[in-house]
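Heads up: the sequence shown at position 363 corresponds to 376 in the working numbering, and the numbers run straight through without jumps. For glycine and all other residues, C-beta sits at the position ideal for the given N, C-alpha and C. As the structure is a computational prediction, the values presented were derived from the model and not from experiment.
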Amino acid sequence: MEELKERAKALPKEPGVYFFKDDKGVVLYIGKAKSLRDRVLNYFQKPLAEPRIELMMSQASDIEYLQTDSEVDAFLAESRLIKDIQPKYNQALKDAKSFPFIEIWREDFPRVMITREPLKSSWIYGPFVDAGGLRTSFNVLQRVFRFRTCSLDIRADDPARRFQRPCLLYYIKMCHGPCADLISQRDYTFTVKQFQAFLRGNTRQVVGAIGRKMQASSRAKHYEEAAVYRDQLMALKSLDKRSQFTDNLVLEALAINPAQASNKLEELLGLGSPPRTIEGVDVANIAGQEAVGSVVYFIDGKPFKEGYRRYRIKTVEGIDDYAMIREVVFRRYRRLLEENSSPADILLIDGGPGQLSAAVDALTEAGLWPKVVAALAKREEMLFIHGRETPLQLPRRSIGLRLLQYVRDEAHRFAQHYHHILRSKVFKPMGRRKKSQQEATGP
Numbered sequence: 014m015e016e017l018k019e020r021a022k023a024l025p026k027e028p029g030v031y032f033f034k035d036d037k038g039v040v041l042y043i044g045k046a047k048s049l050r051d052r053v054l055n056y057f058q059k060p061l062a063e064p065r066i067e068l069m070m071s072q073a074s075d076i077e078y079l080q081t082d083s084e085v086d087a088f089l090a091e092s093r094l095i096k097d098i099q100p101k102y103n104q105a106l107k108d109a110k111s112f113p114f115i116e117i118w119r120e121d122f123p124r125v126m127i128t129r130e131p132l133k134s135s136w137i138y139g140p141f142v143d144a145g146g147l148r149t150s151f152n153v154l155q156r157v158f159r160f161r162t163c164s165l166d167i168r169a170d171d172p173a174r175r176f177q178r179p180c181l182l183y184y185i186k187m188c189h190g191p192c193a194d195l196i197s198q199r200d201y202t203f204t205v206k207q208f209q210a211f212l213r214g215n216t217r218q219v220v221g222a223i224g225r226k227m228q229a230s231s232r233a234k235h236y237e238e239a240a241v242y243r244d245q246l247m248a249l250k251s252l253d254k255r256s257q258f259t260d261n262l263v264l265e266a267l268a269i270n271p272a273q274a275s276n277k278l279e280e281l282l283g284l285g286s287p288p289r290t291i292e293g294v295d296v297a298n299i300a301g302q303e304a305v306g307s308v309v310y311f312i313d314g315k316p317f318k319e320g321y322r323r324y325r326i327k328t329v330e331g332i333d334d335y336a337m338i339r340e341v342v343f344r345r346y347r348r349l350l351e352e353n354s355s356p357a358d359i360l361l362i363d364g365g366p367g368q369l370s371a372a373v374d375a376l377t378e379a380g381l382w383p384k385v386v387a388a389l390a391k392r393e394e395m396l397f398i399h400g401r402e403t404p405l406q407l408p409r410r411s412i413g414l415r416l417l418q419y420v421r422d423e424a425h426r427f428a429q430h431y432h433h434i435l436r437s438k439v440f441k442p443m444g445r446r447k448k449s450q451q452e453a454t455g456p
């Protein structure tokens, strides 16, 4: 065992896949690692977490490894190798339906999704034994390849596409926007093919193909198109889920399962599909001084800081929370209308019937509506929904309620944080005041 431990100490501190083998060279176990040396050395710490792994270690006599360019590459390589080799001490893949797959539909603009029941007519990759790792890597890869994950039926011959509004994923560069005719079918197909090649492990092929596309676009003086390929190359070369995914994720959201929470909200609110986007709105002030508003944005049950916005209240004097809510919602939705952007599936206000009524008035004036407008009151946690006569009393343990609570509390935190920033400036020497990076501009 000491000899094996010394071999582990010699492993590189780089991402990759490791193999434990017995004295006959048979692979016993395959794992992935952000740092090969650190991860494998953990197996020599007592006690081990699982009896299964302890038994595996008693039979191991050799360690081999395959270094990869990134943690995401290691994750995908692990899945392929486990499926091909079927090591004795890895989780069995006998019942493939119990594990998730990446599924790519065969259509004009293929959608990409994670599923446990893939269609036989689709392109299928997997199964993956680590569902949590798949979700994290999937978000990173969506930032790189910008494939669509929506359920829209998008046809290349539909002339109405150019009048559609793309969702926020387009604006935060996580989708190419085929629904709004913002990418040709040829270019989108190229992107999907590169994504498929990447899933098969052909990283160099993908980098080379995208590089050639970038150079060709540059020579043709299609500089915007060349910039897209350049950004894609940079993302591929620096592929690291820690820097590209969690920088935009508020970690407290991981306390709930976002997918389960979204599915529960679909059921509770009678929607036709799980809500993909939720906006939360709140205001903050002390005696009417330095009044501010906030908008936080959640995608697929996860908060994205890039979608957050701050507002200094301009039209309200004194203490009037209803009027402040009305101003923030009106400014937010009028701007969305001017930018031809899609509204959220759910707009959630921190408050009760009065705050909800103020938001409804603002939306009526702005002329743009989300699918659901609601307000969540503290203490009783009653959900007031526009168009519904009686409020919903959700079970305290409801995962749907917990997601709405998180949206509301995040909007409150964000508003309070901005309010404290502005109040602290009051007591500093007056000088040129720099606008906060996320403060909304314009009306």
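Sequence-distant residues of its chain with Cβ nearer than 8 Å to residue i (five each side left out)
i	result
V30	I43, G44, K45, A46, Y78, L79, T81, A87, A90, E91 and L94
Y335	G367, Q368, S370 and A371
I223	Q207, Y242, Q245, L246 and L249
P179	C188, G190, C192, A193, L195, S354 and S355
I66	Y42, Y56 and Y102
E393	Q406
Same chain only: Cβ atoms within 6 Å of residue i, ignoring 5 sequence neighbours per side
i	result
N298	A304
R20	I76
H399	V373 and V386
S231	A239
M227	A239, Y242 and R243
P113	I127, R129, F141, A144 and L147
L281	G413
Residue i: first and last residue of the uninterrupted alpha helix (DSSP H) it sits in
i	result
T128	Looking at the DSSP string, T128 is not in any alpha helix (DSSP H); the run it does join, the beta strand (DSSP E), is V125 to T128.
K277	P271 to L282
E63	No alpha helix (DSSP H) contains E63, which DSSP labels as neither H nor E.
P458	What is shown of the chain runs 14 to 456, which leaves residue 458 out entirely.
V53	L49 to L54
Cβ distance (whole Å) where residue i is taken to contact residue j below 8 Å
i	j	result
V296	I338	6 Å
D358	K384	5 Å
S74	K34	7 Å
R50	L24	4 Å
Q160	V205	In the sequence on display, residue 160 carries Phe and not Gln. Confirmed, Cβ separation roughly 6 Å.
Q368	A388	5 Å
V341	Y324	5 Å
G11	R421	Because the chain here runs from 14 to 456, residue 11 falls outside it and cannot be looked at.
Q218	A210	5 Å
L349	L381	6 Å
P100	V40	5 Å
L405	L416	About 14 Å; that fails the 8 Å criterion.
Three-way DSSP call (helix, strand, coil) for residue i in this model
i	result
K22	helix
N215	coil
L396	strand
S135	coil
T403	coil
K186	coil
N103	coil
V420	helix
A300	Note that A300 has pLDDT 48, beneath the 50 cutoff, so the model's placement of it is unreliable and the number below is only indicative. Here A300 sits in coil by DSSP.
Y31	strand
T290	strand
K315	strand
S307	strand
V385	strand
Y324	strand
D295	strand
R409	coil
R232	helix
R161	strand
N353	coil
P179	coil
F122	coil
L68	helix
S92	helix
K206	helix
Span of the beta strand (DSSP E), counted from its first residue to its last, around residue i
i	result
G45	Residue identity check: residue 45 is Lys in the sequence provided, not Gly. Run containing K45: V40 to A46, per the beta strand (DSSP E) assignment.
Q80	D75 to Q80
I115	F114 to I117
D363	I359 to D363
Same chain, Cβ closer than 7 Å to residue i, neighbours up to 5 away in sequence not counted
i	result
P288	S275, L278, E279, D358 and I359
Y201	F122, H189 and P191
A428	D295, V296, A297, V305, G306 and S307
S462	As displayed, the chain neither begins before 14 nor continues past 456, which places residue 462 out of reach and without an answer.
L165	C192
F343	A375, E378 and A379
D36	S74
I98	V40 and I43
message: I'd like to know if the region 305 to 314 and the region 268 to 288 are in contact, where contact means that at least 3 CB-CB pairs between them fall below 8 Å.
response: Touching, yes, given that three or more Cβ pairs across the two stretches are closer than 8 Å.
Contact between the region 139 to 153 and the region 224 to 240 (3+ Cβ pairs under 8 Å): Segments in contact, no.
Contact the region 193 to 201 vs the region 155 to 175: 3+ CB pairs below 8 Å: Judged by Cβ distances under 8 Å, the region 193 to 201 makes contact with the region 155 to 175, as three or more pairs qualify.
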